[in-house]
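For the sequence shown, the working numbering assigns the number 15 to the initial residue and increments by one for each residue that follows.
Using N, Cα and C, we set each Cβ at its ideal position, and we do this for glycine too.
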Amino acid sequence: MFSSAEYWAGGEQVWRAEHVGENSPIHLKTSGILPRGFEVMAAEHKQAQEADGGEKAGVDHYFDIPLNAAKEVIGFKHDEDIPGVDYEGFEVLRKTSLSSDSKPWWRFWK
Numbered sequence: 015m016f017s018s019a020e021y022w023a024g025g026e027q028v029w030r031a032e033h034v035g036e037n038s039p040i041h042l043k044t045s046g047i048l049p050r051g052f053e054v055m056a057a058e059h060k061q062a063q064e065a066d067g068g069e070k071a072g073v074d075h076y077f078d079i080p081l082n083a084a085k086e087v088i089g090f091k092h093d094e095d096i097p098g099v100d101y102e103g104f105e106v107l108r109k110t111s112l113s114s115d116s117k118p119w120w121r122f123w124k
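Structure below.
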């Protein structure tokens with residue numbers, strides 16, 4: 015499994031964290047000035063990986079390290095519910111009979 019996160023400011027990369035599980039279940043490559051709390055959070059995931067068998071474990075705790083680093087900066091994680099969001103309020107949009115299928119979607123100029 016692969017996961018990565020990076021933060022850019024002023025057109026320059028501030029930090030990057032990357033996990034390539036195909037290389038090793040304990041692979042983690044980082045660069046830059048990592049978010050506050052990164053070392054503690056990464057150590058917790060490393061400890062969980064070791065407790066489950068390290069490199070031979072059937073689980074990949076390192077996958078979440080880059081994702082949780084991003085969460086520290088932006089305040090949410092893609093696979094977690096966000097407090098205060100009404101998920102029942104979303105609508106599924108469908109094509110109507112008024113939709114035009116006479117041209118490809120990419121041919122917007124005609």
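Whole-angstrom distance between I79 and Y21, CA atom to CA atom: Within the sequence shown, numbered from 1, the residue matching residue 21 stands at position 7. Within the sequence shown, numbered from 1, the residue matching residue 79 stands at position 65. Each residue's alpha carbon lies about 14 Å from the other.
Span of the alpha helix (DSSP H), counted from its first residue to its last, around E69: Indexing the sequence shown from 1 puts residue 69 at position 55. Where E69 is concerned, there is no enclosing alpha helix (DSSP H), given that its DSSP letter is neither H nor E.
Opposing strand residues paired with T110 [DSSP bridges]: Translated into positions along the sequence shown, residue 110 becomes position 96. Partner(s): none; T110 has no beta bridge.
For H92, the three-state DSSP class (helix, strand or coil): Locating residue 92 in the sequence shown gives position 78, counting from the first residue. H92: coil per DSSP, three-state reduction.
Pairwise C-alpha distance: G98 and F77: Looking up residue 77 in the sequence shown gives position 63. Looking up residue 98 in the sequence shown gives position 84. One C-alpha to the other measures close to 27 Å.
Per-residue DSSP class, three states only, for F77: Residue 77 sits at position 63 when you count from the first residue of the sequence shown. Here F77 sits in helix by DSSP.
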